[in-house]
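**Q** With our numbering applied, the sequence shown corresponds to residues 21 to 423, in that order.
Every residue gets a Cβ at the ideal spot worked out from N, C-alpha and C, and that includes glycine.
Model, not experiment: these values are computed from the prediction.
Provided herewith is a single structure, encoded as structure tokens, for subsequent inquiry.
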Amino acid sequence: MKPLIRPHIIEQQHGFLSKKSTETNLCEFIDFITNAMDDRCQVDVVYTDYSKAFDRIHHDILVSKLYHFGIHGDLLRWVDSYLRDRCQAVTVKGFSSTFTPVPSGVPQGSHLGPLLFNIFVNDVGEIFKNTDFSLYADDQKIYKIVKTLDDCLLLQEDLEKLSIYCKANQLYLNTDKCNIITYSRKKNIHYDYSINDKVLQRVTLKKDLGIYLDSKLMFDSHITEVVNKAYKMLGFILRVSQDFKSISTVQLLYNCFVRSHLEYASVVWNPHYKIYIERLERIQEKFLKNLEYRFNYKKLPQLPRIMSLANRREIRDQVFLFKIVNNLIDSSYLLSRLSFRCPRVNSREKKVFQPSTSKTNYGSNTFVRRASNIHNMQFSDIDMFFISMNSFKRYIIESLCGN
Numbered sequence: 021m022k023p024l025i026r027p028h029i030i031e032q033q034h035g036f037l038s039k040k041s042t043e044t045n046l047c048e049f050i051d052f053i054t055n056a057m058d059d060r061c062q063v064d065v066v067y068t069d070y071s072k073a074f075d076r077i078h079h080d081i082l083v084s085k086l087y088h089f090g091i092h093g094d095l096l097r098w099v100d101s102y103l104r105d106r107c108q109a110v111t112v113k114g115f116s117s118t119f120t121p122v123p124s125g126v127p128q129g130s131h132l133g134p135l136l137f138n139i140f141v142n143d144v145g146e147i148f149k150n151t152d153f154s155l156y157a158d159d160q161k162i163y164k165i166v167k168t169l170d171d172c173l174l175l176q177e178d179l180e181k182l183s184i185y186c187k188a189n190q191l192y193l194n195t196d197k198c199n200i201i202t203y204s205r206k207k208n209i210h211y212d213y214s215i216n217d218k219v220l221q222r223v224t225l226k227k228d229l230g231i232y233l234d235s236k237l238m239f240d241s242h243i244t245e246v247v248n249k250a251y252k253m254l255g256f257i258l259r260v261s262q263d264f265k266s267i268s269t270v271q272l273l274y275n276c277f278v279r280s281h282l283e284y285a286s287v288v289w290n291p292h293y294k295i296y297i298e299r300l301e302r303i304q305e306k307f308l309k310n311l312e313y314r315f316n317y318k319k320l321p322q323l324p325r326i327m328s329l330a331n332r333r334e335i336r337d338q339v340f341l342f343k344i345v346n347n348l349i350d351s352s353y354l355l356s357r358l359s360f361r362c363p364r365v366n367s368r369e370k371k372v373f374q375p376s377t378s379k380t381n382y383g384s385n386t387f388v389r390r391a392s393n394i395h396n397m398q399f400s401d402i403d404m405f406f407i408s409m410n411s412f413k414r415y416i417i418e419s420l421c422g423n
């Protein structure tokens with residue numbers, strides 16, 4: 021069924037789709053916000069919260085939407101049968117509750133459930149005539165560049181349309197968890213947005229798909245949160261592994277529970293200020309000092325050296341860039357933001373990209389500009405259009421490590 025449905029899913033949806041992820045969602049969003057701030061504009065963003073979205077899907081409405089997607093006949097009847105007449109019970113220590121009918125929702129944990137949810141909310145884009153929006157499953161943000169009070173009124177108009185849409189589709193917005201944040205570095209135009217006649221809470225810090233975003237897009241709050249959590253996890257790992265004899269096992273624990281957290285969506289927040297880079301590196305330095313003390317790490321040549329976190333983030337940047345260029349990431353927005361050089365005949369210039377200039381430091385550190393500039397300066401010798409991703413990644417690693 022996926023091949024029938026996938027071409028019709030709106031491009032603003034990033035959840036449960038191949039070639040899309042939280043990183044594509046956040047990269048597109050941050051690039052939009054940063055470019056607006058670079059032009060000294062403010063962007064008002066409404067983060068919505070659907071109450072038990074997967075559990076409230078109305079089966080009749082979903083089947084109707086499947087029909088309009090082109091799902092007919094036996095396949096439609098099979099999906100309808102799959103959804104209806106389900107029951108559930110809870111079993112704890114051998115004791116089970118009575119079975120209770122499940123009159124709505126899509127089965128969670130199934131392969132079909134996320135696809136059905138994407139189909140159900142796919143038409144939400146039809147109501148946003150005045151604003152931009154982005155989705156990751158049921159995580160939704162609606163945003164607009166605000167230059168005058170009229171722009172605020174247009175955003176409010178779309179929020180009222182969203183309220184009508186939710187009532188028509190029997191979805192429920194939890195207005196207590198819906199927030200408004202203004203991204204700007206100048207004096208703001210203030211407007212009290214509301215949904216269902218309830219004024220939304222205004223915040224200056226928001227956790228968006230695991231990344232903490234403040235109203236000035238500094239990422240210092242996110243890095244502080246990441247560092248604090250990583251130190252706690254590192255301390256736990258070092259305590260539980262005190263009696264371990266295998267250094268590779270300890271490294272595996274570090275990679276899984278500490279480093280993975282330090283690198284989540286790094287293409288979005290990769291810092292350019294030295295103070296933040298050093299704060300992140302000190303976590304790995306502490307781990308390496310522990311290895312050196314316990315295992316005489318420096319005298320174990322058979323083990324590969326652990327690459328610096330800064331280099332690993334650079335590799336992730338370049339691989340992400342490679343995927344965009346070679347259609348391994350489905351993001352027409354990010355691809356449109358890349359500017360390619362057209363060298364003159366017989367020119368020795370090998371630079372691939374022609375990134376736009378930024379008026380500010382934070383504007384120059386957006387993923388598109390940062391990755392393009394670094395590729396031009398360090399990796400322009402390799403042709404990223406005629407090489408496999410593994411070979412490209414190997415070249416980047418060898419260039420950074422000097423092997």
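Tell me, which residues are paired with Ile231 by DSSP?
**A** Answer is Asp228.
**Q** Which residues mark the beginning and the end of the beta strand (DSSP E) in which Ser154 is found?
**A** Ser154 -> beta strand (DSSP E) spans Asp152 to Tyr156.
**Q** Taking only runs that begin and end inside the stretch 170-229, name each unbroken beta strand (DSSP E) of 3 or more residues, in chain order.
**A** As far as the stretch 170-229 is concerned, its whole beta strand (DSSP E) runs of at least 3 residues are 199-203 and 225-228.
**Q** Just list the beta strand (DSSP E) runs in the stretch 98-126, keeping only unbroken ones of 3 residues or longer that don't cross its boundaries, in chain order.
**A** With a minimum length of 3 residues, the continuous beta strand (DSSP E) runs that stay inside the stretch 98-126 are 106-108 and 120-122.
**Q** Whole beta strand (DSSP E) runs in the stretch 53-82 with 3 or more residues, listed along the chain?
**A** You should have 62-68.
**Q** List the whole-angstrom C-beta distance separating Asn208 from Gln62, where the pair is believed to meet the contact cut-off of C-beta under 8 Å.
**A** Going by Cβ atoms, the distance from Asn208 to Gln62 rounds to 5 Å, so yes, they are a contact pair.
**Q** Give the secondary structure of Gln262 by DSSP, where H, G and I count as helix, E and B as strand, and everything else as coil.
**A** Coil, per DSSP.
**Q** If you reduce the DSSP assignment to three classes, tell me which class Ile25 lands in.
**A** Reduced to three states, the DSSP call for Ile25 is helix.
**Q** Cβ of Thr386 within 9 Å of Cβ of Asn55?
**A** Their beta carbons are under 9 Å apart, which means Thr386 touches Asn55 by this criterion.
**Q** In angstroms with no decimal places, state the Cα-to-Cα distance between Lys226 and Gln160.
**A** One C-alpha to the other measures close to 13 Å.
**Q** Does the separation of the CB atoms of Asn396 and Lys371 fall below 9 Å?
**A** The answer is yes: Cβ separation under 9 Å.
**Q** Does the structure place the stretch 380-394 close enough to the stretch 332-344 that three or more beta carbon pairs sit under 8 Å?
**A** Enough Cβ pairs lie closer than 8 Å, so yes.
**Q** Identify the residues that DSSP records as bridge partners of Ile165: which are they?
**A** Val63.
**Q** Quick check: the stretch 192-202 against the stretch 239-259, are at least 3 beta-carbon pairs closer than 8 Å?
**A** Because the criterion of three Cβ pairs below 8 Å is not met, the stretch 239-259 and the stretch 192-202 do not touch.
**Q** Less than 9 Å between the C-beta atoms of Ala73 and Phe119, yes or no?
**A** No. Outside cutoff.
**Q** If I follow the unbroken alpha helix (DSSP H) through Met409, where does it start and stop?
**A** Met409 to Cys421 is the extent of the alpha helix (DSSP H) around Met409.
**Q** Helix, strand or coil: which one does DSSP assign to Asp159?
**A** In this structure, Asp159 counts as strand in the three-state DSSP scheme.
**Q** Are at least three pairs of beta-carbons, each pair with one atom in the stretch 68-86 and one in the stretch 123-142, less than 8 Å apart?
**A** Touching, yes.
**Q** From which residue to which residue does the alpha helix (DSSP H) around Gly90 run?
**A** Run containing Gly90: none; DSSP gives neither H nor E here.
**Q** Note down, in chain order, each residue of its chain lying with its Cβ closer than 6 Å to the Cβ of Asp212, except the 5 sequence neighbours on either side.
**A** Correct list, in chain order: Val219.
**Q** State the CB to CB distance for the pair Pro134 and Gly255, rounded to an integer number of angstroms; the pair is presumed to be in contact (CB under 8 Å).
**A** About 36 Å separates the two Cβ atoms, so there is no contact after all.
**Q** Whole-angstrom Cβ separation of Leu175 and Thr151, contact assumed at under 8 Å?
**A** The pair is a contact, with the Cβ atoms about 6 Å apart (cut-off 8 Å).
**Q** Count the other C-beta atoms from every protein chain shown that fall within 10 angstroms of the C-beta of Lys113, then say buried if there are 16 or more, exposed otherwise.
**A** Exposed, by the Cβ-count rule.
**Q** How would you call Lys164, buried or exposed, if buried means at least 16 neighbouring beta carbons within 10 angstroms?
**A** That one is buried.
**Q** If you run the structure through DSSP and keep just helix, strand and coil, what is Phe399?
**A** Reduced to three states, the DSSP call for Phe399 is coil.
**Q** Determine the direct distance from the alpha carbon of Arg222 to that of Ile215, and round the result to whole angstroms.
**A** So the alpha carbons of these two residues sit roughly 13 Å apart.
**Q** Report, in whole angstroms, the separation of the C-beta atoms of Lys70 and Tyr192, which I expect to be a contact under 8 Å.
**A** The amino acid at residue 70 is misidentified as Lys; the sequence shows Tyr. Confirmed, Cβ separation roughly 7 Å.
**Q** Along the chain, where does the alpha helix (DSSP H) containing Thr269 start, and where does it finish?
**A** Thr269 -> alpha helix (DSSP H) spans Ile267 to Tyr274.
**Q** Taking Cβ positions, are Leu420 and Glu298 nearer each other than 9 Å?
**A** Contact: no.
**Q** Would you call the CB atoms of Ile231 and Leu46 closer than 9 Å?
**A** Taking 9 Å as the Cβ cut-off, Ile231 and Leu46 qualify as a contacting pair.
**Q** Could you pull out every unbroken alpha helix (DSSP H) segment of at least 4 residues lying fully inside the stretch 272-311, listed in chain order?
**A** The qualifying runs are 280-283 and 286-289.
**Q** Using only the alpha-carbon positions, how far apart do Lys206 and Arg60 sit?
**A** Roughly 7 Å separates the two Cα atoms.
**Q** Run through DSSP, which three-state label would Gln424 get?
**A** A query on residue 424 cannot be resolved here, the shown segment of the chain reaching from 21 to 423 and no further.
**Q** Relative to the alpha-carbon of Asn381, which residue among Thr44, Met404 and Lys236 has its alpha-carbon at the smallest distance?
**A** Taking only the C-alpha atoms, the option nearest Asn381 is Lys236.
**Q** Let's test the definition: count the other Cβ atoms within 10 Å of the Cβ of Val260 and tell me whether it reaches 16, buried, or not, exposed.
**A** Answer is exposed; the Cβ neighbour count stays below 16.
**Q** Would Ser116 be called buried (16 or more neighbouring beta carbons within 10 Å of its own) or exposed?
**A** Its Cβ having fewer than 16 others within 10 Å, Ser116 is exposed.
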